[in-house]
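So the structure is just underneath, and the comments pick up after that.
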Amino acid sequence: MLETILVAVDASDQQHAVLLHAAEITRRFDAKLHVVSVFDLNQIAEVKAADLVPEIFDTLEAETRKLLEGARQLLDAWGIEAQCHFVQGSVVEQIVLLAKKLNADLVVTGHRYVSGLRRLLERSAAKALIDESPCSVMIIREKEVAG
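Numbered continuously in this note's numbering, the sequence shown closes out at residue 295.
Shown next as structure tokens:
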């Protein structure tokens, strides 16, 4: 039985699909839905290195908050009540901490395909979330674009 669902949203193209899946599961199980958007402080470290801190920091934080508000509005339009959480820090770490705090039964998130050298050099956030999550994780995969 799923009682508490946590959906993690970001600025990816698949946010709509991720929210739709979470909304459908929430409805099916009459669960509580929580939406989290993480203001990734790792991005800020890169910005600090470029010495662009105040303006960029404010812009990135505002974009993250706007993203969360957009998710709330979309869920409201679908008739789904959700509690939204804006957190700062490492994406995976913050999602795991919130999942533990909420005693979540399921985390829903997206995954984008990365190829070649980048895949070898970067650890997948989705893989890390699966490894560290205190509950089941549903990954909504990015659809391949026909080309």
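Idealized CB from N, CA, C, for every residue including glycine.
Q. Asp224: buried (16+ other C-beta within 10 angstroms of its C-beta) or exposed?
A. exposed
Q: Pair every Cβ in the segment 220-234 with every Cβ in the segment 175-188, then say whether three or more of these pairs are closer than 8 Å.
A: Touching, yes.
Q | For Val239 and Leu268, the rounded distance between their alpha carbons | A | With a pLDDT of only 49 at Leu268, under 50, the local geometry of the prediction cannot be trusted, and the value read off the model is given with reservation. Answer to the nearest angstrom: the Cα atoms are 20 Å apart.
(Q) Within a Cβ cutoff of 6 Å, which residues of the same chain sit near Thr257, ignoring the five residues on either side of it in sequence? (A) Ala156
Q) How would you call Gln221, buried or exposed, if buried means at least 16 neighbouring beta carbons within 10 angstroms? A) exposed
Q. Closest to Val186 by CA distance: which of Gln236, Leu215, Arg176 is it?
A. Gln236
Q | Outcome for Ser284 when other beta-carbon atoms lying within 10 angstroms are tallied against a minimum of 16 | A | Exposed: under 16 other Cβ atoms inside 10 Å.
(Q) With H, G and I counted as helix, E and B as strand and the rest as coil, what does DSSP make of Leu150? (A) coil
Q | Cβ neighbour criterion (16 or more within 10 Å) applied to Ala170 | A | buried
Q: Just the C-alpha distance for Glu290 and Gln162, rounded to the nearest angstrom, thanks.
A: 6 Å
(Q) What does DSSP give as the partner residue(s) for Gly305 in the beta ladder? (A) The structure shown does not extend to residue 305, since the chain is modelled only from 149 to 295, so the question has no answer here.
Q: Tell me Cys232's beta-bridge partners as DSSP assigns them.
A: Val183
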